[in-house]
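Asks: When the sequence shown is numbered by our numbering, its final residue is 658 and no position is left out of the sequence of numbers.
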Amino acid sequence: MSRAAAAFALLTACLGALSAADSLWVALRPGFVPFVLLTLTILLAAGSGRVLAGRLGLTDISESQKTLVGATLGMGLLALGGFFLGVIGLFKPWAASGLLAALWLIGYKELKPALESLAPDRTLLTERPFAVMAVALPLLAALWMCLVPPHQYDSLVYHLALPQAYIRAGRLFAPEGIVYAHFPQNGEMLFSLALLMGSDILAQMYMWLSTVFAIWWVFALGRREAPMNAVALAAIFIATQAAVLLMSSTTYVEPLVMLWITAAALSYERWRQLVPRGGGPRGWLVLAAIFTGLALGTKYYAGIGAAAFGLRLLWAWAFDRRKDRAVDLLLFTGIVSALFAPWLIKNWVFVRNPVFPFLYKWFANTGTGWNAELAAGYFSVLTEYGHVGGFFHSLITLPILLLRNPLRFGGGMDVLGDLGWDILLWLLPLGAWAASKNKSLRGLLLFCFLWGAAWFSSGVVLRFLTVLVPLLALLGACGLVALWKELDGWARVVLGGSLTAMTLAHLFLFVFVHATFGSGSTAFGLETREQFLTRRLDYYSCADWLRSNAVQNDKVLVIGEQRGYYLSVAHLPSTVHMPNLFVRRANESVDTAVLLSSLRADGFTRVMIVPREAARLGSGLGSLTPVGAVNWKGLEDSLKTDFAGRGCVVGHL
Numbered sequence: 006m007s008r009a010a011a012a013f014a015l016l017t018a019c020l021g022a023l024s025a026a027d028s029l030w031v032a033l034r035p036g037f038v039p040f041v042l043l044t045l046t047i048l049l050a051a052g053s054g055r056v057l058a059g060r061l062g063l064t065d066i067s068e069s070q071k072t073l074v075g076a077t078l079g080m081g082l083l084a085l086g087g088f089f090l091g092v093i094g095l096f097k098p099w100a101a102s103g104l105l106a107a108l109w110l111i112g113y114k115e116l117k118p119a120l121e122s123l124a125p126d127r128t129l130l131t132e133r134p135f136a137v138m139a140v141a142l143p144l145l146a147a148l149w150m151c152l153v154p155p156h157q158y159d160s161l162v163y164h165l166a167l168p169q170a171y172i173r174a175g176r177l178f179a180p181e182g183i184v185y186a187h188f189p190q191n192g193e194m195l196f197s198l199a200l201l202m203g204s205d206i207l208a209q210m211y212m213w214l215s216t217v218f219a220i221w222w223v224f225a226l227g228r229r230e231a232p233m234n235a236v237a238l239a240a241i242f243i244a245t246q247a248a249v250l251l252m253s254s255t256t257y258v259e260p261l262v263m264l265w266i267t268a269a270a271l272s273y274e275r276w277r278q279l280v281p282r283g284g285g286p287r288g289w290l291v292l293a294a295i296f297t298g299l300a301l302g303t304k305y306y307a308g309i310g311a312a313a314f315g316l317r318l319l320w321a322w323a324f325d326r327r328k329d330r331a332v333d334l335l336l337f338t339g340i341v342s343a344l345f346a347p348w349l350i351k352n353w354v355f356v357r358n359p360v361f362p363f364l365y366k367w368f369a370n371t372g373t374g375w376n377a378e379l380a381a382g383y384f385s386v387l388t389e390y391g392h393v394g395g396f397f398h399s400l401i402t403l404p405i406l407l408l409r410n411p412l413r414f415g416g417g418m419d420v421l422g423d424l425g426w427d428i429l430l431w432l433l434p435l436g437a438w439a440a441s442k443n444k445s446l447r448g449l450l451l452f453c454f455l456w457g458a459a460w461f462s463s464g465v466v467l468r469f470l471t472v473l474v475p476l477l478a479l480l481g482a483c484g485l486v487a488l489w490k491e492l493d494g495w496a497r498v499v500l501g502g503s504l505t506a507m508t509l510a511h512l513f514l515f516v517f518v519h520a521t522f523g524s525g526s527t528a529f530g531l532e533t534r535e536q537f538l539t540r541r542l543d544y545y546s547c548a549d550w551l552r553s554n555a556v557q558n559d560k561v562l563v564i565g566e567q568r569g570y571y572l573s574v575a576h577l578p579s580t581v582h583m584p585n586l587f588v589r590r591a592n593e594s595v596d597t598a599v600l601l602s603s604l605r606a607d608g609f610t611r612v613m614i615v616p617r618e619a620a621r622l623g624s625g626l627g628s629l630t631p632v633g634a635v636n637w638k639g640l641e642d643s644l645k646t647d648f649a650g651r652g653c654v655v656g657h658l
């Protein structure tokens, strides 16, 4: 190589860097630091997790699979570490840095083996460049959309609002006005660590990473039971499923539950394959239990998975009364319970109901202001898309609705989980056909059936079914590959063309939803973070003003807005799930002066009103009596306006 040629190459690199700085850097700059932190997270999770995986007695496991197991366990270690910091009152940036440093030190010696273990997988990937591109490009698009600031409803009501409140207090506690504070929160613990590192973009990237790991699980363990073509096809189905793509760039925790449930199901089937008559070695069973417990500590509905595995173990013991079978069941149940127990204990300490909001008839005094009527109303919201026309009518029409009208199973932001189900559901009969010839696939099919039956019976939103996407994709892909061998000529063209069209439709839905949100203006650097949020959220301009102007002891009463994230000052949001303080105070006060005194006595110094959202929530906020309405009108008239934004007002009490 001549010096002139080398110099030209270096100069070209400099020109390329300058060109990127002029264009790409404008759009990608907000994600640079979060991406560096994400890379650090992957390394320390894989390293520390590999240390734990090495102590589980896993048999018949490759080094690359050990890295995958370790990375998935490492995500759990981060979540549990976040919980520990919250319990001991150390939700501080330095403490989070210390936790990450500790995990790094624990796993440091495993980093080199982890990186070296990926070489065989890279070879397999290079043999199928089209499949790699078909998986990588949608995932890169989802990663890019992670750079759009969090704006989805549930993210701002509690997925990020809770960690923000915890960090403000420096510990776990029961924030006023956020009923979701008493749900399992492994996902929110990860988000807390991200916020402690200064980035809500990183929190969204954690969910993207969960999706990547879920695909990796199908790739790594699925190829033991299925042809490589089927595994590659399954990866494409997952990476192009619209609901998965959309939620992978948010702080909705479905991708995290999907990861842990996928890992649990595949680990359980691996154990059954290695130890068909139960008993030891139990490393893979322990792994399945750990992942199930982590999933249950993230979302209550993961209890369906725990019950499905438990029933299968109980069934095995019922027909084979060997001691080993009983030990299998007790070991699985014990590990799942131990990982779920921290959230049960927390709920008992704070609200005297370990499984809040369930069993509200037995644990009536929850300390949240809830009564049986409010609790029933909450569950009716979850099931409002349920069995219209009766259970059996819904059962008969379910396939048609899922294929042609999935939006029927969730409105609002729940629509994110409604899109892109046609391929997986259409191929399910083929998956059942493939499962009839393979024991492990039969186990996965049984698991999906039990989960689907529980989902349908409960009548909840379709988003809660997203966790099955990787397993359904693997089953459907196996059936499709088997069918493909039976076809030739025009039939292959028709089948392949139709599936390609549906896949492209899924990608279009992903783009369409983000276009509806206006994500592109931020993703391409045409709009700043503040401009985007001001346009998307009526309350953001007031939140931004308060960030700069609120004093240390300020406390804001928020009227008409449930979303509290971006409000850096102490505040009480409105809610539709429990009595609102402002309604109660207005109704019980004899005049406006007493109302003002009551609110000041409650510690409030300012009021933030969001009229349009208040009108949308309407009667859900509660009803003012005639006296209460007069009192509240008097309070609004007497407020000194501190700031008036595009869709909100901040007034001083």
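Glycine included, C-beta positions come from ideal geometry on N, C-alpha and C.
Would you decide whether P362 is buried or exposed? Buried here means 16 or more other CB atoms lie within 10 Å of its CB.
Replies: On the sequence shown, residue 362 is found 357 positions in, with the first residue counted as 1. P362 should be labelled buried.
Asks: Spatial neighbours of A239 within its chain, please: CB distance less than 7 Å, with the 5 preceding and 5 following residues excluded, ordered by chain position.
Replies: On the sequence shown, residue 239 is found 234 positions in, with the first residue counted as 1. Once the five neighbours on either side are set aside, the close Cβ partners of A239 are V223, G227, A478, L479 and A482.
Asks: Near L512, which residues of its chain fall below 7 Å by C-beta distance, leaving aside the five closest residues on each side in sequence?
Replies: The count along the sequence shown starts at 1 and reaches residue 512 at position 507. Here the set comprises P143 and T245.
Asks: If you drop the 5 nearest sequence neighbours on each side, which residues of the same chain put their C-beta closer than 6 Å to that of L572?
Replies: As a working mapping, residue 572 is identified with position 567 in the sequence shown. Taken in chain order, the residues that qualify are A548.
Asks: Which residue comes first and which comes last in the alpha helix (DSSP H) that contains L577?
Replies: Here residue 577 corresponds to residue number 572 of the sequence shown, with the count starting at 1. No alpha helix (DSSP H) holds L577; the beta strand (DSSP E) holding it covers A575 to L577.
Asks: If we count Cβ pairs, one from each stretch, closer than 8 Å, do we get three or more for the segment 575-587 versus the segment 503-510?
Replies: As far as the Cβ criterion goes, the segment 575-587 does not touch the segment 503-510, which means the pair count is below three.
Asks: Identify which residue in D596, E566, A606 and L640 has its Cα closest to the Cα of G625.
Replies: Within the sequence shown, the letter at position 620 stands for residue 625. Among D596, E566, A606 and L640, the Cα nearest to that of G625 belongs to E566.
Asks: Which residues in the same chain have their Cβ closer than 8 Å to the Cβ of P154, if we skip the five residues on either side of it in sequence?
Replies: Here residue 154 is taken as the residue at index 149 of the sequence shown, counted from 1. These residues qualify, in order along the chain: D205, I206, T527, R534, F537 and L538.
Asks: Among the candidates F337, K328, Y306 and A136, whose CA atom is the shortest distance from the CA of F314?
Replies: Counted from its first residue, the sequence shown places residue 314 at position 309. Measuring from the Cα of F314, the nearest candidate turns out to be F337.
Asks: Whole angstroms are fine: how far does the CA of A487 sit from the CA of K114?
Replies: In the sequence shown, residue 114 corresponds to position 109, counting from 1. In the sequence shown, residue 487 corresponds to position 482, counting from 1. Taking the straight line from one Cα to the other gives about 43 Å.
Asks: Out of curiosity, what's the CA-to-CA distance linking G75 and A208?
Replies: Within the sequence shown, the letter at position 70 stands for residue 75. Within the sequence shown, the letter at position 203 stands for residue 208. Between G75 and A208, the C-alpha separation is close to 20 Å.
Asks: Is the Cβ-Cβ distance between L177 and V56 less than 8 Å?
Replies: Mapped onto the sequence shown, residue 177 falls at position 172. Mapped onto the sequence shown, residue 56 falls at position 51. Contact flag unset, no.
Asks: Take L672 and list the residues in its own chain whose beta-carbon comes closer than 8 Å to its own, dropping the five residues that flank it on each side.
Replies: No information on residue 672 is available, as it lies outside the stretch 6 to 658 that the chain covers here.
Asks: Keeping to the same chain, check which residues put their C-beta closer than 8 Å to that of L195; ignore five residues upstream and five downstream.
Replies: By 1-based counting over the sequence shown, the position of residue 195 is 190. If we look at L195 and ignore the five residues flanking it on each side, its Cβ neighbours are M80, L83, A84, G87, A208, Y211 and L261.
Asks: Quick check: the Cα distance between R447 and A439, rounded to an integer number of angstroms?
Replies: For this step, residue 447 is matched to residue 442 along the sequence shown. For this step, residue 439 is matched to residue 434 along the sequence shown. Straight-line Cα distance between these residues: approximately 8 Å.
Asks: With distances taken from CA atoms, which of G650, H657, L601 and L622 is nearest G639?
Replies: Sequence index remark: in the sequence shown, residue 639 carries index 634 (1-based). Here the closest residue by C-alpha is L601.
Asks: Give every residue of the same chain whose Cβ lies closer than 6 Å to the Cβ of A331, excluding the five residues on either side of it in the sequence, and list them in chain order.
Replies: For the purposes of this step, residue 331 is identified with residue 326 of the sequence shown, where counting begins at 1. Excluding residues within five positions, the ones whose Cβ falls inside 6 Å are W322.
Asks: Around the C-beta of L193, are 16 or more other C-beta atoms found within 10 angstroms, so that it is buried, or is it exposed?
Replies: Position 188 of the sequence shown, counted from the start, is the residue given in the question as residue 193. According to the sequence as given, residue 193 is Glu; it is not Leu. When all chains shown are included, E193 counts as buried.
Asks: Would you report the Cα separation of W367 and L349, rounded to the nearest angstrom?
Replies: In the sequence shown, the residue the question calls residue 367 occupies position 362. In the sequence shown, the residue the question calls residue 349 occupies position 344. Their Cα atoms are separated by approximately 15 Å.
Asks: Measure the alpha-carbon distance for L658 versus D642 and round it to whole angstroms.
Replies: Your numbering for residue 658 matches position 653 in the sequence shown. Your numbering for residue 642 matches position 637 in the sequence shown. In a straight line, the C-alpha of L658 is about 11 Å away from that of D642.
Asks: Can you tell me which residues form a DSSP beta bridge with V561?
Replies: Walking along the sequence shown from the start, residue 561 turns up at place 556. DSSP output for V561 lists H576 and R611 as bridge partner(s).
Asks: May I ask you to report which of helix, strand or coil DSSP gives A649?
Replies: Stepping through the sequence shown from its first residue, residue 649 is reached at position 644. Note: A649 maps to strand in three-state DSSP.
Asks: Roughly how far, in whole angstroms, is the beta-carbon of L152 from the beta-carbon of G36, given that I think they are within contact range, below 8 Å?
Replies: Within the sequence shown, the letter at position 147 stands for residue 152. Within the sequence shown, the letter at position 31 stands for residue 36. With a Cβ gap of about 4 Å, L152 and G36 count as contacting.
Asks: Residues in the same chain with beta-carbon distance under 7 Å from A61, minus the five sequence neighbours each way, listed in chain order, please.
Replies: Locating residue 61 in the sequence shown gives position 56, counting from the first residue. This sequence places Leu at residue 61; Ala is not what is there. So the qualifying residues of the chain are G288, V291 and L292.
Asks: According to DSSP, is G94 part of a helix, a strand, or is it coil?
Replies: One-based indexing of the sequence shown puts residue 94 at position 89. Three-state DSSP puts G94 in coil, outside helix and strand.
Asks: Starting from H657, trace the beta strand (DSSP E) in both directions and tell me its first and last residue.
Replies: Start at 1 with the first residue of the sequence shown, and residue 657 comes out as number 652. Start and end: V654 to H657.
Asks: Is A139 near the ligand SAH - that is, is its Cβ less than 7 Å away from at least one heavy atom of it?
Replies: With respect to the ligand SAH, the structure shown offers nothing to examine, as it has no ligands at all.
Asks: Taking only runs of the alpha helix (DSSP H) that begin and end inside the segment 464-519, which ones reach a length of at least 4 residues, in chain order?
Replies: The qualifying runs are 474-489.
Asks: Pick out whichever of E132, T128, L45 and Q169 has its Cα sitting closest to the Cα of Y570.
Replies: One-based indexing of the sequence shown puts residue 570 at position 565. Of E132, T128, L45 and Q169, the residue nearest in Cα terms is Q169.
Asks: So A244 is in the alpha helix (DSSP H); what residue range does that whole segment cover?
Replies: Numbered from its first residue, the sequence shown carries residue 244 at position 239. M233 to A244 is the extent of the alpha helix (DSSP H) around A244.
Asks: Could you please give the first and the last residue of the uninterrupted alpha helix (DSSP H) stretch that includes T539?
Replies: On the sequence shown, position 534 is the one that residue 539 refers to. Where T539 is concerned, the enclosing alpha helix (DSSP H) stretches over R534 to R541.
Asks: Note the first and the last residue of the continuous alpha helix (DSSP H) segment covering P281.
Replies: As a first step, residue 281 must be located in the sequence shown, where it is residue number 276. That residue, P281, is in no alpha helix (DSSP H); it is neither H nor E in DSSP.
Asks: Report the CB separation of L301 from A311 in whole angstroms; it is logged as a contact under 8 Å.
Replies: Indexing the sequence shown from 1 puts residue 301 at position 296. Indexing the sequence shown from 1 puts residue 311 at position 306. About 6 Å; that satisfies the 8 Å criterion.
Asks: Straight-line CA distance for N554 to G656?
Replies: As a first step, residue 554 must be located in the sequence shown, where it is residue number 549. As a first step, residue 656 must be located in the sequence shown, where it is residue number 651. Using only the alpha carbons, I get a separation of about 12 Å.
Asks: Residue ranges of each beta strand (DSSP E) run of no fewer than 3 residues wholly in the segment 595-642, ordered along the chain?
Replies: For the segment 595-642, whole beta strand (DSSP E) runs of length 3 or above, ordered along the chain, are 611-614.
Asks: Please state the DSSP three-state secondary structure of D329.
Replies: Sequence index remark: in the sequence shown, residue 329 carries index 324 (1-based). In this structure, D329 counts as helix in the three-state DSSP scheme.
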